[in-house]
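Residue numbers for the sequence shown follow this note's numbering, so the first one is 5 and each next one is one higher.
For reference, the structure is listed below as structure tokens.
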Amino acid sequence: MNTKEQIVENWLPRYTGTPVGEFGNYILLTNFGNYVTMFAEKFDVPVRGQGRAMQTATHKDITIINFGMGSPMAATVMDLLSAINPKAVLFLGKCGGLKKTQIGDLILPIAAIRGEGTSDDYMPPEIPALPSFRLQSTVSASIKKAKMDYWTGTVYTTNRRIWEHDDDFKEYLRAIRAMAIDMETATIFIVGFANSIPHGALLLVSDNPLVPEGVKTEESDQKVTTNFVKKHLEIGIESLTELARSGESVKHMRFEN
């Protein structure tokens, strides 16, 4: 295998346990196994890839993938998905809220700040990490249809997992006016752009890490799962279902190498 196309066509099934031809055209990404389990139970479909790096479940033209945690794995899954050229990829991630957000709030990012470093291997640092407008617009409509609201703004993506004790870093986050912090969004946006894959994200606020009492714990994370994850997943499914039903292309820009 000496081309990218040969590698990803071989590696996508190797990582997921799912043949290339069995993926849907619309992809939900998550880094939590319970999202895949809930999707599979909702549609009474099997979970593929148990014991592999990534797990999937597919119903009609939508496939959900648990790719793990962090920007290197986010880049990996977006590269692997170039084997099937999906019509849209929506990331359902959790994030730390940095402003007035409350646990359980939704954030629809208009951009991501590339603090993770991984995306520098794909595009020069001055290239902005942006979602596909058509996809985010559809997600917005699905949120309103569910009679919910959301925040919008930028999300800072970092490779650093344990930083909540670092006062200098917290001051930096306040200075850049980011709405949230996570470990995947900017990478998904940039690697999606590099691979000509339409992409977007809907983030669920799971903690408020700028204050000590807001740092995520096992107990607080369980509350998020119990009270908010189901609706987060349902909005993602509704958004991609609506895109598939409309038959409209998500691409609104030309990609050049």
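The C-beta atom is built at its ideal place from N, Cα and C for all residues, glycine as well.
inquiry  = Let me make sure I understand the geometry here. Which of 223, 91, 15 has the alpha-carbon closest to that of residue 246?
reply    = Nearest C-alpha to residue 246: 91.
Contact set for residue 185: own chain, Cβ-Cβ below 8 Å, skip 5 residues either direction = Cβ neighbours of residue 185 beyond the five flanking positions: 99, 100, 102, 159, 160, 161, 162, 177, 213.
query = Under three-state DSSP, which class holds residue 36?
reply = coil
key: Contiguous alpha helix (DSSP H) assignments of at least 4 residues, all confined to the segment 135–198   = Correct list: 137–149, 171–179, 189–198.
Proximal residues to residue 232 (C-beta, below 7 Å), its chain only, five neighbours per side dropped = Closer than 7 Å at the Cβ level, and outside the excluded window around residue 232, lie 108, 208.
key: Helix, strand or coil at residue 51 according to DSSP, with G and I counted as helix   = coil
task = Taking all protein chains shown into account, decide if residue 59 is buried (16 or more other Cβ within 10 angstroms of its Cβ) or exposed.
result = buried
ask   = In three-state DSSP terms, what is residue 67?
value = strand
inquiry  = Taking the alpha-carbon of residue 115 as reference, which of 206, 210, 51 has the nearest alpha-carbon?
reply    = 206
Backbone secondary structure at residue 226 - three-state DSSP = helix
query = Does the segment 18–26 come close enough to the segment 36–45 to have 3 or more Cβ pairs within less than 8 Å?
reply = no
task = State the Cα-Cα distance for the pair residue 117 and residue 76, rounded to the nearest angstrom.
result = If you take the alpha carbons of residue 117 and residue 76, they lie about 16 Å apart.
inquiry  = Please state the DSSP three-state secondary structure of residue 22.
reply    = coil
task = Run the CB neighbour count on residue 169, radius 10 Å, all protein chains shown included, and call it buried at 16 or more, exposed below.
result = exposed
key: Alpha-carbon spacing of residue 39 relative to residue 145, whole angstroms   = Straight-line Cα distance between these residues: approximately 22 Å.
inquiry  = Let me check one thing: in DSSP terms, what residues is residue 59 bridge-paired to?
reply    = 70
message = Among 211, 227, 226, 228, whose alpha-carbon lies nearest the alpha-carbon of residue 2?
response = For the chain, the structure presents residues 5 to 261; residue 2 sits outside this window and is missing.
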